[in-house]
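Have a look at the structure below before the remarks.
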């Protein structure tokens, strides 16, 4: 079946502009995660959604970052007033449940470049 | 707090050679351990996982990993690599019974040369 879909695949923006990144999880997956991957670094947790529960936003690096999820479907990650340090690959993942053994299914990511 | 250390950022090997990618973790509680692989221009996919039971776990593409609690390690091995194994490999740990804050290492780039 279809995997996790992210759009756009690449985004180049000017410093100070707002950007919106989209994630379509696998149908039926109740859990959705956003990670950030900077060059040469591991994956940095940003935010987590589980069903209708309040999201865990503890990984968001600043108040310029926000994310929403509509029910158990699409999620958008918004970065306001982008800075050069926001340049990274933003990865979305979904899983069937919150269970610790449930593997994460990742999208191909959105490569964000802030000039 | 939990953390993951991947000791080698890059590992070059020749085709058909054995390989070991090292991973050490720290956690004050029981852990679940994972290896993910990211092929060029693709998303991450699960290679294998350890939840409980046998400490030797087998994954896709002939990879295996051994959980060593006393050494807090979860090294990934393959006896004979192929060109197609060239990818970035990430070790990850989850503790406390929650999947969502999976903590990843910085990754090891495995390059298989002919």
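Residue numbers (the numbering used here), protein chains in the order written: chain A, 301 to 415; chain B, -13 to 100.
No residue lacks a Cβ here, since even glycine has one placed at the ideal position from N, Cα and C.
1) To the nearest angstrom, report how far apart residue 85(B) and residue 402(A) are at their CA atoms.
2) From the DSSP secondary-structure annotation, give me the bridge partner or partners of residue 57(B).
3) Determine the burial state of residue 354(A): buried for a count of at least 16 other Cβ atoms within 10 Å of its Cβ, exposed for fewer.
4) Write down every uninterrupted run of the beta strand (DSSP E) in the region 338 to 388 of chain A whose length is 3 residues or greater and which is fully enclosed by it, in chain order.
5) Across the region 47 to 63 of chain B and the region 8 to 22 of chain B, are there enough close Cβ pairs to call them in contact, namely three or more that are closer than 8 Å?
6) Does the beta carbon of residue 64(B) come closer than 7 Å to any beta carbon on chain A?
7) If you run the structure through DSSP and keep just helix, strand and coil, what is residue 318(A)?
8) What residues from chain B crowd round residue 408(A), counting only those whose CB sits closer than 7 Å?
9) With a threshold of 7 Å between beta carbons, is residue 360(A) in contact with chain B?
10) Return the chain-ordered list of same chain residues with a C-beta closer than 7 Å to the C-beta of residue 22(B), the five sequence neighbours on each side being excluded.
11) What residues of chain B sit near residue 345(A), judged by a beta carbon separation below 7 Å?
12) Three or more C-beta pairs closer than 8 Å, one from the region 335 to 342 of chain A and one from the region 382 to 392 of chain A: is that the case here?
13) Any beta carbon from chain A within less than 7 Å of residue 45(B)'s own beta carbon?
14) Could you round the C-beta distance between residue 41(B) and residue 49(B) to whole angstroms and report it? I think they count as a contact, below 8 Å.
15) Do residue 349(A) and residue 332(A) have their CB atoms nearer than 7 Å?
16) Just verifying my parser: in three-state terms, what is the DSSP assignment at residue 70(B)?
17) Determine the direct distance from the alpha carbon of residue 310(A) to that of residue 321(A), and round the result to whole angstroms.
18) So which residues on chain A does residue 76(B) lean against when the C-beta distance must stay under 9 Å?
19) Output, in chain order, the set of chain B residues within a Cβ distance shorter than 7 Å of residue 403(A).
20) Assign residue 413(A) to buried or exposed, taking buried as 16 or more other Cβ atoms, counted over all protein chains shown, within 10 Å of its Cβ.
21) Express the C-alpha separation of residue 94(B) and residue 369(A) in angstroms, rounding to a whole number.
22) Would residue 48(B) pass as an interface residue toward chain A - the criterion being a Cβ-Cβ separation below 7 Å?
23) Just curious, the beta strand (DSSP E) that residue 304(A) is in, first and last residue?
24) In the DSSP assignment, the beta strand (DSSP E) including residue 6(B) goes from what residue to what residue?
Well, looking at it:
1) Within the second chain, numbered from 1, the residue matching residue 85(B) stands at position 99. Within the first chain, numbered from 1, the residue matching residue 402(A) stands at position 102. In this predicted model, residue 85(B) has a pLDDT of only 46, less than 50, meaning its place in the structure is not dependable; the value taken from the coordinates is given anyway. Whole-angstrom Cα-Cα distance: 7 Å.
2) Within the second chain, numbered from 1, the residue matching residue 57(B) stands at position 71. None; residue 57(B) has no bridge partner.
3) Working through the first chain from its first residue, we reach residue 354(A) at position 54. Residue 354(A) should be labelled exposed.
4) 343 to 350, 365 to 369 and 375 to 379
5) Yes, the region 47 to 63 of chain B touches the region 8 to 22 of chain B.
6) As a first step, residue 64(B) must be located in the second chain, where it is residue number 78. So no, residue 64(B) is outside the interface.
7) For the purposes of this step, residue 318(A) is identified with residue 18 of the first chain, where counting begins at 1. If DSSP states are grouped into helix, strand and coil, residue 318(A) belongs with coil.
8) The residue given as residue 408(A) occupies position 108 in the first chain. Within chain B, the residues near residue 408(A) are 28 and 29.
9) Start at 1 with the first residue of the first chain, and residue 360(A) comes out as number 60. With 7 Å as the cut-off, residue 360(A) does not count as an interface residue toward chain B.
10) Within the second chain, numbered from 1, the residue matching residue 22(B) stands at position 36. Answer for residue 22(B): 30, 31, 32, 33, 76 and 78, listed in chain order.
11) Position 45 of the first chain, counted from the start, is the residue given in the question as residue 345(A). Result: 87.
12) yes
13) Position 59 of the second chain holds residue 45(B). Residue 45(B) has a beta carbon lying at 7 Å or more from every beta carbon in chain A.
14) Position 55 of the second chain holds residue 41(B). Position 63 of the second chain holds residue 49(B). With 8 Å as the limit, residue 41(B) and residue 49(B) do not qualify as a contact, their Cβ atoms being about 15 Å apart.
15) Against the first chain, residue 349(A) aligns to sequence position 49. Against the first chain, residue 332(A) aligns to sequence position 32. A contact, by the Cβ cut-off of 7 Å.
16) Numbered from its first residue, the second chain carries residue 70(B) at position 84. Here residue 70(B) sits in helix by DSSP.
17) Taking the first chain and counting its residues from 1, one reaches residue 321(A) at position 21. Taking the first chain and counting its residues from 1, one reaches residue 310(A) at position 10. Distance between the alpha carbons of residue 321(A) and residue 310(A): 10 Å.
18) Here residue 76(B) refers to the residue found at position 90 when the second chain is read from its first residue. Within 9 Å Cβ-Cβ: 342 and 343.
19) Position 103 of the first chain, counting from 1, holds the residue named residue 403(A). In chain order, 32 and 35 make up the part of chain B whose C-beta sits under 7 Å from the C-beta of residue 403(A).
20) Within the first chain, residue 413(A) is the residue found at index 113, counting from 1. Answer is exposed; the Cβ neighbour count stays below 16.
21) For the purposes of this step, residue 369(A) is taken as the residue at position 69 of the first chain. For the purposes of this step, residue 94(B) is taken as the residue at position 108 of the second chain. Approximately 32 Å, taken between the alpha carbons.
22) Within the second chain, the letter at position 62 stands for residue 48(B). So no, residue 48(B) is outside the interface.
23) Numbered from its first residue, the first chain carries residue 304(A) at position 4. Unbroken run through residue 304(A): none, as it is neither H nor E.
24) Counted from its first residue, the second chain places residue 6(B) at position 20. First-last of the beta strand (DSSP E) with residue 6(B): 5 to 7.
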